[in-house]
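Worksheet for the structure shown next.
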Amino acid sequence: MSLTRRDVLIAGSGGVAGVAFFSPRSARANDEALDLVKQFTGRTATVSDRLHLIMPTDFPTGYTVPMSLYIDSPMTEADHVRQMRVFAPRNPLIEVASFHFVPQRSLPRVSTRIRLAKPQHVVAVAEMNDGILLMTTTWVRVATDGCA
Numbered sequence: 001m002s003l004t005r006r007d008v009l010i011a012g013s014g015g016v017a018g019v020a021f022f023s024p025r026s027a028r029a030n031d032e033a034l035d036l037v038k039q040f041t042g043r044t045a046t047v048s049d050r051l052h053l054i055m056p057t058d059f060p061t062g063y064t065v066p067m068s069l070y071i072d073s074p075m076t077e078a079d080h081v082r083q084m085r086v087f088a089p090r091n092p093l094i095e096v097a098s099f100h101f102v103p104q105r106s107l108p109r110v111s112t113r114i115r116l117a118k119p120q121h122v123v124a125v126a127e128m129n130d131g132i133l134l135m136t137t138t139w140v141r142v143a144t145d146g147c148a
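1 is the number of the first residue of the sequence shown in full-length UniProt numbering; add one for each residue after it.
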C-alpha cells in the first residue's frame with residue numbers, strides 16, 4: 001500500500017485539527033468565526049466535521065497559499081451543497097472565494113490558491129440545500145503579506 005501526498009495531508013490535518021480543537025485559542029477562534037459568518041450571511045453557522053478545509057499551517061509567502069476545500073455530500077436532489085465560501089478575516093477583502101455547485105452535476109470539492117495578508121484563521125462555510133450553514137476553520141501562518 002503506497003501513500004499519496006493527499007493521504008499524508010489529510011492524515012496530518014486531522015492530527016493538527018485534533019490538537020487545535022482542544023486548545024483555548026481554538027474556542028475563541030470558533031466564536032470569532034461564528035460572529036464573522038453571522039455578519040456576512042445574517043445566519044448562524046454550525047461547526048461541522050463534514051466540511052474540510054486543508055491548508056498548510058506554515059507557508060513562506062501570503063501570495064499563493066494552497067487551499068483544498070471539500071464537503072462530504074452525496075450531491076443528490078435531497079442532500080447537496082449549494083455554495084461554499086471562504087473568508088480571511090485579516091485580509092483587506094474578507095471574502096476571498098465563493099464556489100457554487102449543482103446537484104448530480106458537480107463534485108463538492110475545490111483546489112486553488114488564495115492570498116493571505118497575515119497569519120490568521122481561515123474560515124470556510126457551506127450552505128446546504130436545506131439552508132443550514134456548516135463551518136470549519138484552520139490556522140495558517142504566512143511569513144510575508146500577500147495583499148500588499
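From the three backbone atoms N, C-alpha and C, an ideal C-beta is built for every residue, glycine too. Nothing here was measured: the structure is a model prediction, and the numbers come from that model.
Contact belief for residue i with residue j at Cβ below 8 Å, rounded distance in angstroms
i    : j    : result
V140 : Q120 : 7 Å
S111 : S68  : 5 Å
T136 : V47  : 7 Å
Sub-8 Å separation of residue i and residue j beta-carbons
i    : j    : result
A45  : L134 : yes
V37  : L116 : no
A126 : M84  : yes
V86  : F101 : no
G146 : T57  : no
L51  : A143 : no
L53  : V122 : yes
R113 : Y70  : no
For residue i: DSSP bridge partner residues
i    : result
R85  : S98, V125
M135 : V47, V125
V37  : V37 pairs with nothing; no bridge assigned.
Residue i, DSSP secondary structure in three states
i    : result
D145 : coil
D79  : coil
D72  : coil
D58  : strand
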